[in-house]
Every structure is written in C-alpha cells, then in structure tokens.
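Residue numbers for the sequence shown follow numbering that gives the first Met the number 0, so the first one is 0 and each next one is one higher.
Beta carbons are placed, not taken as given, at the ideal position from N, Cα and C, and that holds for glycine.
All values derive from a computational prediction rather than experimental measurement.
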Amino acid sequence: MSNKMRLYYNPQSRAAIARWMLEEVGADYDLVHIDFESGSNRRPDFLAINPMGKLPTLVLADGTVLTETPAIVAFLADAHADKSLAPEISSPARGTYYRWLMFNGSCLEPAAIEKMMRKDAAPLPKVSVGWGSYDDVIDTLEMTLGKSPYLLGERFSAADLMIGATLSWLVMFGAPRVGDSAVIAEYVERVTDRDAYRRSQAT
Ligand SMILES: N[C@@H](CCC(=O)N[C@@H](CS)C(=O)NCC(=O)O)C(=O)O
0 MSNKMRLYYN
10 PQSRAAIARW
20 MLEEVGADYD
30 LVHIDFESGS
40 NRRPDFLAIN
50 PMGKLPTLVL
60 ADGTVLTETP
70 AIVAFLADAH
80 ADKSLAPEIS
90 SPARGTYYRW
100 LMFNGSCLEP
110 AAIEKMMRKD
120 AAPLPKVSVG
130 WGSYDDVIDT
140 LEMTLGKSPY
150 LLGERFSAAD
160 LMIGATLSWL
170 VMFGAPRVGD
180 SAVIAEYVER
190 VTDRDAYRRS
200 QAT
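Have a look at this one:
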C-alpha cells in the first residue's frame, strides 16, 4: 500500500463528506472501499484502526488515525491553510466557524435523528437536550442563512461544507421542513455547486 493518506469510504456514508473535503484541499489520497453489507467495518482488521467500526476513518501518511467527520474537515482545512477554508486562528470569524462546525454534531444531527427515528415518541425535554428541538435547530439555520449566502457571511468555509452536506442528506432523506425551505434549498445548491463536490461524487 502507498504512503498516501487513506480514506476508508463508502459513498452512502459520512465518508462522502470527508472525500469532498479532501477534494477541496487537493489532497493526494487513496480510497479504501468498505462494504457495509458484508460487515467489513466490523472485522478485526478494521476495528483495530477504528474500534467504533465507523466511517469516515482517515489514516494520515504517518499512521495517525482521524475519525469524526467535523474533526477530519477541520484538520484538513488547517493543514491546507492556503485554500482559505477556515478563518484565521483567534479571529472573531474563527469563533463563528467553530460555532457552526460544532453545531453540526451537537445540534443538527441529533435533532434530525430524534425527529426521524423517534417519530412516535414524545420529544425529549428541550431544556435537557443540547439541541433544544428540531424546530429550533432548523429555525436557527434558516434565520442565519436567510441573512447571508454562507454561514460566515460572504465566504464559503469548511463549516458550510459540513452543514451543507448534512442538510443535503436530510433533504434527500425527506426530513421535515428542510425540503420545503427555499432558504435551505438555495443554500444546499450554492454550497454543492463546486468542482470539488462534483469530483467527490465520482464512482
Ligand atoms: N460521529 C461519526 C459518525 C460516523 C457514522 O455513524 N458513520 C456511519 C455511516 S454515516 C457508519 O459508519 N455506520 C456503519 C456502522 O455503524 O456499522 C462522524 O461524525 O463521523
């Protein structure tokens, strides 16, 4: 095997987001296809790399293992600072960038999973769960994206890649509200209208 970065990958997974980011920064990487049906992500050789058995898993050239999509996205943005996908460290915009990168995993994903997979259950208590409620999460995104084309204003950043990718999956899976929201539909179209995104979709 070469000493390039290795992305353990399945196109029907969050690994597609990591691949999009690898394309944004122009990284040289190998894709290792993981077949969920045959359970190859639960085999000992893969669990030795990522005991969670999850994708994406990115192994850097020096053997460092990265998991958690926002961490991979944030690392690649910083490792390729010349691509200007993250604001300068310590700038106020960097704070806003972190805000939305973290919002993905702490609010958007769990709110959507609760909404779509616990349809018949009473909503979890708003004061206790970090995402408050699905409607609050979507209202917050609509309010923010209704004011400017990107989460940081006029410039695309890796936070848009993260939130935009998740919103596009939610639209595809028919999550409530997102498909009917012009603000969200236009945002998803805007952030995915990029050569790197198109390259990342290649089979
Ligand atoms: N917290 C992880 C979640 C990763 C995750 O759940 N990946 C799913 C695919 S989208 C997976 O690998 N599922 C296969 C399995 O658990 O067997 C991240 O943000 O990257």
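Could you please give the first and the last residue of the uninterrupted beta strand (DSSP E) stretch that includes residue 64? 64-66
List the DSSP bridge partners of residue 123. Partner(s): none; residue 123 has no beta bridge.
Integer Cβ distance of residue 19 from residue 195, believed to fall under 8 Å: 6 Å
With 16 as the cutoff for other CB atoms within 10 Å, does residue 199 come out buried or exposed? buried
Residue environment, residue 190, which counts as buried when at least 16 other CB atoms sit within 10 Å: buried
Excluding the five sequence neighbours on either side, which residues of its own chain have a C-beta within less than 6 Å of the C-beta of residue 79, listed in chain order? 24
Looking at the secondary structure, which residues open and close the alpha helix (DSSP H) in which residue 51 lies? Careful: residue 51 lies outside any alpha helix (DSSP H) and carries neither H nor E.
Which same chain residues, not among the five before or five after residue 133, have their C-beta less than 6 Å away from its C-beta? 110 and 114
In angstroms with no decimal places, state the Cα-to-Cα distance between residue 52 and residue 7. 11 Å
CB-CB length for residue 171 against residue 16, believed under 8 Å: Rounded, the Cβ-Cβ distance is 13 Å, inconsistent with contact.
Three-state class that DSSP yields for residue 27 in the structure shown: coil
Straight-line Cα distance separating residue 119 from residue 178: 21 Å
What did DSSP end up calling residue 144 once you bin it into helix, strand or coil? helix
Decide if residue 68 is buried, meaning its Cβ has at least 16 other Cβ atoms within 10 Å, or exposed. buried
Distance cut-off 7 Å: residue 40 Cβ against heavy atoms of ligand 1: yes
Bounding residues of the alpha helix (DSSP H) (the contiguous stretch that carries residue 98): 91-102
Could you tell me the distance, in whole angstroms, from the CA atom of residue 176 to the CA atom of residue 61? 43 Å
Strictly under 8 Å for the Cβ-Cβ distance: is residue 155 near chain D by that measure? Checking the listed chains, one finds no chain D in this structure; it contains a single protein chain.
Proximity to residue 48 [Cα-Cα], best of 32, 93, 36 and 66: 66
Give me, in chain order, the residues of the same chain whose beta-carbon lies closer than 6 Å to that of residue 203; leave out the 5 immediate sequence neighbours on both sides. A query on residue 203 cannot be resolved here, the shown segment of the chain reaching from 0 to 202 and no further.
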